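Structure record follows, encoded as structure tokens.
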Amino acid sequence: MFDEMMGKDGARPPYHAIERWLKTVGADALELKRLEAETLFRRIGITFAVYGEGGDPERLIPFDLIPRVFSAEEWRTLSRGITQRARALNAFLHDVYHRGEILKAGVIPENLIFRNAAFLPEMVGVEAPGKIYSHIVGIDIVRTGPDDFMVLEDNCRTPSGVSYMLENREIMMRMFPELFAGGRVLPVDNYPDMLRATLEDVAPKACRQDPTCVVLTPGPLNSAYYEHSFLADQMGVELVESRDLFVDEGLVWMRTTQGPRRVDVIYRRIDDDFLDPLVFRADSVLGVAGLMNAYRAGGVTIVSAPGAGVADDKAVYVYVPEMIRFYLGEAPILKNVPTWRCSDPDDRAHVLSHLADVVVKEVHGSGGYGMLIGPKSTAAERAAFAKKIEADPGAFIAQPTLELSTVPSLSPLGPSPRHVDFRPYALVGKEIRLTPGGLTRVALREGSLVVNSSQGGGVKDTWVLAG
Amino acid sequence: MTMMATLSRTASDLFWMARYLERAEAMARLVEMGRRMAMLPNTPEGHREEWLSVMAAAGCAKHFAGRDMDERAVIAGLVLDRENPSSIVSCLDRARHNARSVRTALTTQAWETLNEAWLKLGDITESAVVRELPQTLDWVKGRCAQFRGASDATMLRDDRFDFARLGLYIERADMTLRLLDVKYYVLLPETDVIGGGRDRHQWTSVLVATSALRAYHWVYRGDYSPWRIADFLTLNRACPRSLAYCCDEIVTSLDRLARGYGERHACHATASETVALLSDLDIGEIFHDGLHEFLTEAIARNNRLTAEIAEAYHF
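Chains as they are written, first to last, in this note's numbering: chain A, 592 to 1058; chain B, 4 to 318.
Structure below.
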């Protein structure tokens, strides 16, 4: 098992400062600081909502004080790989909604795309400004060794968590200014400016002046509402709900105290299904009637584009390295995790005979639900999962159980190794912008591999060191 | 400089956020008044009257109607009861809900002050409130003042600021008017003879409820008379809780909105008219024509103004 801090001969170089710091502050002081951090998060209101389970509906994501660190060199590789992947995913999205070259070439099976619920026929032939469909690409990366980074999944719709990247840093700088005194940690606080620049980059053709951008939220009851308001605030744009918007003559308007005002770019944090009740779910109270027509006519830009989700499906994920070769003519910099598709008879046979060793995931699942973690499962659970797989093989993929890297994290026994993953956020506009950092999620339960906040996961500040 | 447009929902939420916060603070003052009255030596009718007038001024007499409540239950009901829409907790709840919906229109400092107060209030128990009522009420007033201070010191002076201010002063005017209306019989001079200690206590309770006792002393040199108290709270433009003062502030905000937007509406006419009316009046005329009638009319004007603002700015 690879620990990112402790090597065989003591702390690895990127962690030298952390090691010194841990020795100086001591466990008791850290525990006090942890409580202080929690109070800060509550006061700022950095919460996510959990409804229907009783208890506090506004919950905190546990914040672990010990940062996760990447060296300048590690980041160079990561950022090249992330950028490459974000380009290929967008090329793919443009292709499947136009000529479908990659399908015609037989690189990706047509069925996988055309029968995919995330594929929107309404988007066929629609020219997204700048040919960009996924403007914010969150790529989940795991690590198994010093040089072994692998992509676990892509998030092309509206990846969340970036507010934690920013707030975690803010809190760390507030509580431990001495850690940042040397100026070796690259700042992340330019993310909101870069996001705004990205939104402005993709203004629709009908836009004649400085584009007006808004963040569209389902409202204060949504679990990620804090993030929506935080991003709007940081960018200096309006946070709107669908009832604030309407479509007239092919343009989108918001209701203001001075009457209607044009909206050019909508960074929506609501799902495709809820965008426009005229086109998608008619029962949606979240959507804006006529929005899709306005979008197709170039009156407004929707970020990310409707239908972008077809690129981040776990079954499509398998083909991303092929996309990179096909569209960019390059070798993939970041590897995929080896994946068996249960729809393939050989793969399926392998998965069924190795259920105790693999992780099985639902193709459309998320949040760490609907998974089977082979080594931690009971025989009865495996039998039940085998039945599910046989009943609907196309709905499942399987991957080997990875020895995820660990980073020291606070536990009742002091700093102890805990498994982590990593989600950087690539912004795709006229150029690709990448903040040096991202969200590190940590499985706080000893030995656990599940980092999702809904299942006992926490977050850490993530450092990229200056070269 | 052209002014950025504000979402109508944002303007409305800011308006109501400020109203609920002001109401929470007014409630704290009213409860304080009730507590003060209850400390008087017992009278045949007990202190029920005083608590009833607190409930009436707070607009929650219905909530308590028909319940046999001791003082402790009344206090808990006015401070902590979430079922009572006028309780301090309910007002803070709604203020915070409005604030959270317009999180982007508030500065971090303003938001955190409110959120912290809300978090803390959720932890206060009934027995603690009764045991430490003065401290709790002081704490509520302190938080509200801190929020106003934080907003004053950090918020951009744009239209959003004015929508919040409009909510604040409309609510404050409303509260002063309703308090006077509930107490008007106390102020009605049946004779010119100043009553005994109890009468005096009744009158000053009105000043306590508006945090205006010391200020009143300063202006009128301890000369308590019903006319002067009513004058102080209606026509005196220097008293920050008087009707006249609130109306001046409302006009200031509305005028600034009109300049920024380049447009005047019915609400502007109504507000200016009220200010003109008040400056032509003296307290003798008000008492001559009937204090209650005057108050009723002023409350109605205030409500009309609210509706006109909502219409003008597409709330």
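Here a beta-carbon is modelled for each residue, glycine too, at the ideal position from N, C-alpha and C. Bear in mind the structure is a predicted one, so any value in this text is a computation, not a measurement.
Nearest CA to the CA of residue i: which residue from the options?
| i | options | result |
| --- | --- | --- |
| L790/A | D731/A, I727/A, R1014/A, S751/A | I727/A |
| M58/B | D184/B, L308/B, R203/B, T277/B | D184/B |
| I861/A | V854/A, R853/A, V879/A, D739/A | V879/A |
| P929/A | E921/A, M845/A, D739/A | D739/A |
| G965/A | P720/A, A899/A, L993/A | L993/A |
| V222/B | T309/B, A241/B, W206/B | A241/B |
| R1080/A | Y816/A, E758/A, L822/A | Absent from the model: residue 1080/A. The displayed extent of chain A is 592 to 1058, so no value can be given. |
| E832/A | A8/B, V105/B, L124/B, Q112/B | V105/B |
| P658/A | L1035/A, P1027/A, P999/A, S1007/A | P999/A |
| W54/B | V77/B, I127/B, I173/B, E300/B | V77/B |
| R75/B | D126/B, A131/B, S56/B | A131/B |
| R625/A | R603/A, I652/A, L757/A | I652/A |
| Q759/A | P851/A, L656/A, R667/A | With the sequence shown as reference, residue 759/A is identified as Asn, and Gln is not the correct amino acid for it. The shortest C-alpha separation from N759/A is found at L656/A. |
| D1052/A | R690/A, V753/A, A986/A, L623/A | V753/A |
| E913/A | R853/A, A896/A, L694/A, V715/A | L694/A |
| R634/A | R932/A, E1022/A, Y817/A, G617/A | Y817/A |
| D177/B | M42/B, A313/B, A301/B | A301/B |
| R151/B | L238/B, W114/B, L122/B, D285/B | W114/B |
| C798/A | E627/A, W844/A, T808/A | W844/A |
| Y606/A | R846/A, E622/A, L623/A, V660/A | V660/A |
| S256/B | A79/B, L83/B, R160/B | R160/B |
Tell me, to the nearest whole angstrom, how far the beta carbon of residue i is from that of residue j; I am working on the premise that it is less than 8 Å.
| i | j | result |
| --- | --- | --- |
| K952/A | I980/A | Not a contact, Cβ separation roughly 11 Å. |
| T157/B | S820/A | Actually they are not in contact, since the Cβ atoms of T157/B and S820/A sit about 17 Å apart, beyond 8 Å. |
| G263/B | D162/B | 6 Å |
| K905/A | E701/A | Actually they do not touch by this definition, with Cβ atoms about 18 Å apart. |
| V887/A | V717/A | A small correction: the amino acid at residue 887/A is Arg; Val does not occupy that position in the sequence shown. That belief holds up - the Cβ atoms of R887/A and V717/A are roughly 5 Å apart, short of 8 Å. |
| T273/B | R224/B | Not a contact, Cβ separation roughly 36 Å. |
| R99/B | L117/B | 6 Å |
| T299/B | S245/B | Actually they do not touch by this definition, with Cβ atoms about 18 Å apart. |
| L830/A | V806/A | 5 Å |
| E28/B | K144/B | 6 Å |
| C270/B | A315/B | 5 Å |
| S934/A | G900/A | Not confirmed; about 19 Å, so no contact. |
| P795/A | G890/A | 6 Å |
| T668/A | I924/A | 7 Å |
Margin query: Please give me, in chain order, every unbroken run of the alpha helix (DSSP H) with length at least 4 that falls completely inside the stretch 68-98 of chain B.
Written below: Whole alpha helix (DSSP H) segments, 4+ residues: 74-82.
Next item on the list: Write down every uninterrupted run of the alpha helix (DSSP H) in the stretch 651-696 of chain A whose length is 4 residues or greater and which is fully enclosed by it, in chain order.
Entry: Runs found: 663-687, 692-695.
Notebook entry, point to check: Okay, do the stretch 684-693 of chain A and the stretch 9-24 of chain B touch, 3+ Cβ pairs below 8 Å being the bar?
Noted result: Segment contact: the stretch 684-693 of chain A against the stretch 9-24 of chain B, fewer than three CB-CB distances shorter than 8 Å; contact not assigned.
Next item on the list: Say whether the stretch 287-301 of chain B touches the stretch 156-170 of chain B, bearing in mind that this needs 3 or more beta-carbon pairs closer than 8 Å, one atom from each stretch.
Entry: Touching, no.
Note to self: Output needed in chain order: residues of the stretch 835-853 of chain A with a Cβ under 8 Å from some Cβ in chain B.
What the structure shows: Residues passing the 8 Å Cβ filter: D835, M845, R846, T847, T848, Q849, G850, R852.
Note to self: With a threshold of 8 Å, are at least 3 pairs of Cβ atoms found where one atom belongs to the stretch 61-71 of chain B and the other to the stretch 777-786 of chain A?
What the structure shows: A contact is defined here as three or more CB-CB pairs under 8 Å, and the stretch 61-71 of chain B fails this definition with respect to the stretch 777-786 of chain A.
Check: Does the pairing of the stretch 668-681 of chain A with the stretch 1034-1048 of chain A give three or more beta-carbon distances under 8 Å?
Finding: No contact exists between the stretch 668-681 of chain A and the stretch 1034-1048 of chain A.
Next item on the list: Jot down the residue ranges of each uninterrupted alpha helix (DSSP H) in the stretch 966-1032 of chain A, minimum 4 residues, whole runs only, in chain order.
Entry: The stretch 966-1032 of chain A contains these whole alpha helix (DSSP H) runs: 970-982.
Item checked: Contacting positions in the stretch 723-734 of chain A - beta carbon closer than 9 Å to chain B -> Against chain B - using a Cβ distance shorter than 9 Å - the stretch 723-734 of chain A contributes no residues.
Notebook entry, point to check: What residues in the stretch 625-642 of chain A bring their beta carbon closer than 7 Å to a beta carbon of chain B?
Noted result: Of all residues in the stretch 625-642 of chain A, only R633, R634, I635, G636 come within less than 7 Å of chain B when Cβ atoms are compared, listed by chain position.
Check: For the stretch 738-789 of chain A, which segments carrying the alpha helix (DSSP H) assignment without a break, of at least 4 residues, lie completely within its bounds, in sequence order?
Finding: Scanning the stretch 738-789 of chain A for uninterrupted alpha helix (DSSP H) segments of 4 residues or longer gives 753-766, 768-771, listed from N- to C-terminal end.
Notebook entry, point to check: Do three or more CB pairs link the stretch 30-38 of chain B to the stretch 89-100 of chain B at distances below 8 Å?
Noted result: With contact defined as three or more Cβ pairs closer than 8 Å, the stretch 30-38 of chain B and the stretch 89-100 of chain B are in contact.
Notebook entry, point to check: Where in the stretch 793-822 of chain A do unbroken runs of the beta strand (DSSP E), each at least 3 residues long, occur, reported from the N-terminal end onward?
Noted result: Qualifying beta strand (DSSP E) stretches, in chain order: 804-807.
Checklist line | Contact residues within the stretch 791-802 of chain A, judged by C-beta distance below 9 Å to chain B | finding: Within the stretch 791-802 of chain A, no residue has a Cβ that lies closer than 9 Å to any Cβ of chain B.
Notebook entry, point to check: If you scan the stretch 891-943 of chain A from start to end, which runs of the alpha helix (DSSP H) of 4 or more residues do you find wholly inside it?
Noted result: Secondary structure within the stretch 891-943 of chain A: the alpha helix (DSSP H) runs of 4 or more consecutive residues, fully enclosed, are 905-908, 911-914 (chain order).
Next item on the list: Starting from the N-terminal side, write out each stretch of the alpha helix (DSSP H) that is 4 residues or longer and does not extend beyond the stretch 818-882 of chain A.
Entry: Those alpha helix (DSSP H) runs which fall completely within the stretch 818-882 of chain A and span 4+ residues do not exist here.
Margin query: Against chain B, which members of the stretch 739-768 of chain A pass a CB distance test of less than 9 Å?
Written below: Listed in chain order, the positions of the stretch 739-768 of chain A with a beta carbon within less than 9 Å of a beta carbon of chain B would be empty, since no residue qualifies.
Item checked: Whole alpha helix (DSSP H) elements within the stretch 190-260 of chain B, 4-residue minimum -> Counting whole runs of 4 or more residues, the stretch 190-260 of chain B contains the alpha helix (DSSP H) stretches 200-212, 216-223, 229-237.
Check: Hey, is the stretch 916-924 of chain A in contact with the stretch 721-736 of chain A, meaning 3+ C-beta pairs nearer than 8 Å?
Finding: Not touching, per the Cβ criterion.
Note to self: Closer than 7 Å between beta carbons: that is the criterion. Which residues of the stretch 798-828 of chain A meet it against chain B?
What the structure shows: Flagged, chain order: P811, S820, A823, D824.
Margin query: Using a Cβ distance threshold of 8 Å, determine whether the stretch 864-873 of chain A contacts the stretch 881-891 of chain A, with at least three qualifying pairs required.
Written below: Judged by pairs of C-beta atoms under 8 Å, the stretch 864-873 of chain A touches the stretch 881-891 of chain A, as three or more such pairs exist.
Notebook entry, point to check: Got a sec: which bits of the stretch 109-127 of chain B sit with their beta carbon under 8 Å from any beta carbon on chain A, in order along the chain?
Noted result: Cβ proximity to chain A below 8 Å picks out T111, W114, E115, N118, E119, L122 from the stretch 109-127 of chain B.
Next item on the list: Please confirm if the stretch 131-143 of chain B is in contact with the stretch 846-864 of chain A, defined as three or more CB-CB distances below 8 Å between the two stretches.
Entry: The stretch 131-143 of chain B is not in contact with the stretch 846-864 of chain A.
Check: Counting pairs of Cβ atoms below 8 Å between the stretch 1027-1042 of chain A and the stretch 1000-1019 of chain A, do you hit three or more?
Finding: Short answer: they touch.
Notebook entry, point to check: Are there three or more Cβ pairs, one per stretch, closer than 8 Å when the stretch 8-22 of chain B is compared with the stretch 762-770 of chain A?
Noted result: In this structure the stretch 8-22 of chain B does not lie against the stretch 762-770 of chain A, because fewer than three pairs of beta carbons, one per stretch, are closer than 8 Å.
Item checked: Near-chain A residues of the stretch 154-186 of chain B - C-beta to any C-beta below 7 Å -> Within the stretch 154-186 of chain B, the qualifying residues are D162.
Checklist line | Contact residues within the stretch 9-24 of chain B, judged by C-beta distance below 7 Å to chain A | finding: Result list: T9, L10, S11, R12, A14.
Next item on the list: Starting from the N-terminal side, write out each stretch of the alpha helix (DSSP H) that is 4 residues or longer and does not extend beyond the stretch 99-169 of chain B.
Entry: Taking only runs of at least 4 residues, the alpha helix (DSSP H) segments lying wholly in the stretch 99-169 of chain B are 111-124, 129-134, 136-157.
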